[in-house]
Amino acid sequence: MNGLDRSPAISLWRDRRFACFWAGNSVSQFGDRITELALPLIAISALNASASQVAWLTALIWTPNLLAIFLGAWVDHQARKRRLMILADLLRAAVLLSLPAAYMLGVVTLTHLYAVALLTGAAGVLFNTAYPPFFVRLVPRASYVDANSKLSASRSASYVAGPAIGGALVQALTAPVAIVVDALTFLASAVLIGRVSVEEQPAAATGAAAASLLRRAREGLAFVVRHPVLRAGLGCAATVNFFTFVAGSGLIVLFASRSLGLSAGVIGIALGAGATGALLGAVSAPVISRRFGVGRSIVVGAVLFPAPIAIAAAADGPPWLRAGALAAAEFLSGFGVMMFDVNLNSLQAAVIPDRMRSRVAGAYGTINYGVRPVGAIVGGLLATLIGLRSTLLIAAAGGALSLLWLLPSPIPRIRSLAPNNTVDTVGDADDDNRPVPH
-15 MNGLDRSPAI SLWRDRRFAC FWAGNSVSQF GDRITELALP LIAISALNAS ASQVAWLTAL
45 IWTPNLLAIF LGAWVDHQAR KRRLMILADL LRAAVLLSLP AAYMLGVVTL THLYAVALLT
105 GAAGVLFNTA YPPFFVRLVP RASYVDANSK LSASRSASYV AGPAIGGALV QALTAPVAIV
165 VDALTFLASA VLIGRVSVEE QPAAATGAAA ASLLRRAREG LAFVVRHPVL RAGLGCAATV
225 NFFTFVAGSG LIVLFASRSL GLSAGVIGIA LGAGATGALL GAVSAPVISR RFGVGRSIVV
285 GAVLFPAPIA IAAAADGPPW LRAGALAAAE FLSGFGVMMF DVNLNSLQAA VIPDRMRSRV
345 AGAYGTINYG VRPVGAIVGG LLATLIGLRS TLLIAAAGGA LSLLWLLPSP IPRIRSLAPN
405 NTVDTVGDAD DDNRPVPH
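Each residue of the sequence shown is one higher than the last, beginning at -15 in our numbering.
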């Protein structure tokens, strides 16, 4: 049982440990926005990459998630999750710094970009599977939505300022040099997380290593499949992720650059302006979920996240109108994804027992994030066959269909994560980890 489950809600701004972790997470999020713009721009401008090659770059970032089910099972049996998160940050910093070094030597290649994408993705999987048990030791259950709101707000703020800063840095310094900034943010994150002290749960007994790892990985997947809330949430999230990655950040940048004729600086400004929607969504999520319920907020977010891609796809007219359509699509989509993520992440934290957090996160991530490279590859093929604009329209329509996973599930009826507002849905969870509907 999570010893923090019955703790009352507190002001997280007064919690120095949370504030330190939040600062580390925030600074690395800002760096990520630079790399998300710089990597495809290196491929597009310096290496003249095709739509399919840009899609592969996006796909490789997420490919390591296919092994998350096994990594999560391994992480569950490690006592020091915080140390693994720090290691992941240091690995990402080192890998990113190889790009400007290669650029200075004049040896940047598409193969190098693919390797950077793959290795940073693998380190990200390590961080993400170690994070759930760390989070519930850091934050009281009553503050889950508030904590996820604050973390998502800083992520959203990075989408507001990050692309504009990234676009300016790419134009002023070139894309490979701009990536140095992201590497430095991972170093800062490692230092700040290193200052956060949490009482970590002891590692479980190990047993026969290889067989036990496979068995634990199976247990994590079986728990997700049996649990009505996790099963529906995973089906919805995986569907949304598949179709939003058919559109993919790389293809959006390629579409804005080649089809809409926008410069790197204008693309950055449009994406940054549109990202104010995500910031508004993250800040509003706790209030909206209290008013309308956690479950209904997830349902609305599941549709509002992918559907606005159609606005960008339909963009036409003078440059200011094209940039405005891109910004509007990002604004609505950003608001939707925050409504979806803040509430679904909080609900998942409430229903998963401590002993299984990393392996469930690994199993969940293998499917939820594993479909992303598949979606990116399909997006690249579709863009080659039917064009970028048609591909984006398919992504918008397909993503909105994710709603069909939620409607027959208990999720729309869940109003609160408070223990006295829940009933049991699956017998395998700890008593305090079983919210569902009324």
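Positions of the beta carbon are idealized from the N, C-alpha and C atoms, including for glycine. Computed from a prediction, not measured in an experiment: that's the story for all the values here.
For residue i, tell me which candidate among the options has the shortest Cα-Cα distance.
i           : options               : result
residue 151 : 373, 321, 23 and 309  : 23
residue 6   : 360, 244, 211 and 173 : 173
residue 216 : 361, 65 and 352       : 352
residue 107 : 55, 83, 95 and 261    : 55
residue 157 : 201, 167, 354 and 84  : 84
residue 316 : 336, 256 and 373      : 256
residue 198 : 155, 51 and 293       : 51
residue 25  : 249, 126 and 74       : 249
residue 301 : 246, 276, 347 and 293 : 246
residue 201 : 45, 63 and 347        : 347
residue 165 : 139, 218, 11 and 371  : 11
residue 426 : 375, 96, 396 and 329  : In the structure as shown, the chain starts at -15 and stops at 422, and residue 426 therefore has no counterpart that could be examined.
residue 222 : 355, 37 and 377       : 355
residue 324 : 105, 133, 109 and 203 : 133
residue 155 : 235, 72, 251 and 260  : 251
residue 350 : 38, 31, 204 and 160   : 204
residue 160 : 117, 219, 126 and 93  : 93
residue 37  : 68, 396 and 367       : 367
residue 75  : 369, 171, 312 and 46  : 171
residue 68  : 41, 45, 31 and 115    : 115
residue 313 : 17, 259, 44 and 41    : 259
residue 126 : 209, 53, 274 and 207  : 274
Need the endpoints of the alpha helix (DSSP H) that residue i sits in, please.
i           : result
residue 32  : Residue 32 -> no alpha helix (DSSP H), and no H or E assigned at all.
residue 158 : Segment: none, residue 158 is in no alpha helix (DSSP H) and carries neither H nor E.
residue 20  : 0 to 25
residue 58  : 52 to 59
residue 285 : 278 to 288
residue 314 : 303 to 335
residue 73  : 65 to 88
residue 241 : That residue, residue 241, is in no alpha helix (DSSP H); it is neither H nor E in DSSP.
residue 342 : 341 to 352
residue 96  : 94 to 122
residue 355 : 355 to 370
residue 228 : 212 to 231
residue 293 : 293 to 297
residue 388 : 387 to 390
For a quick check, are the C-beta atoms of residue i and residue j less than 8 angstroms apart?
i           : j           : result
residue 331 : residue 390 : no
residue 266 : residue 137 : yes
residue 284 : residue 399 : no
residue 27  : residue 35  : no
residue 19  : residue 163 : yes
residue 169 : residue 14  : yes
residue 394 : residue 129 : no
residue 326 : residue 380 : no
residue 338 : residue 175 : no
residue 296 : residue 310 : yes
residue 241 : residue 373 : no
residue 49  : residue 135 : no
residue 4   : residue 180 : yes
residue 308 : residue 262 : no
residue 294 : residue 238 : no
residue 320 : residue 39  : no
residue 105 : residue 235 : no
residue 496 : residue 118 : The shown model of the chain, from -15 to 422, leaves out residue 496, and the question about it has no answer.
Would you decide whether residue i is buried or exposed? Buried here means 16 or more other CB atoms lie within 10 Å of its CB.
i           : result
residue 90  : exposed
residue 183 : exposed
residue 322 : buried
residue 141 : buried
residue 224 : buried
residue 392 : exposed
residue 0   : exposed
residue -4  : buried
residue 271 : exposed
residue 335 : buried
residue 303 : exposed
residue 88  : exposed
residue 423 : Outside the displayed range of the chain (-15 to 422) lies residue 423, so it cannot be described from this structure.
residue 388 : exposed
residue 190 : Caution applies to residue 190, whose pLDDT of 44 falls short of 50 and renders its modelled position unreliable; the value that the coordinates give is listed next. With fewer than 16 Cβ atoms within 10 Å of its Cβ, residue 190 is classed as exposed.
residue 369 : exposed
residue -2  : exposed
residue 109 : buried
Below 8 angstroms, how does it come out for the stretch 48 to 68 and the stretch 333 to 345: are there three or more Cβ pairs, yes or no? Contact between the stretch 48 to 68 and the stretch 333 to 345 is present, because at least three Cβ pairs lie under 8 angstroms.
Segment contact, 8 angstroms Cβ cut-off, at least three pairs: the stretch 369 to 387 with the stretch 289 to 299: Judged by pairs of C-beta atoms under 8 angstroms, the stretch 369 to 387 touches the stretch 289 to 299, as three or more such pairs exist.
Pairing CB atoms from the stretch 99 to 110 with CB atoms from the stretch 62 to 80, are three or more of them under 8 angstroms? Counting Cβ pairs under 8 angstroms, three or more are found: they touch.
Flag this pair as touching only if the stretch 351 to 369 and the stretch 218 to 230 have three or more C-beta atom pairs under 8 angstroms; answer yes or no. Touching, yes.
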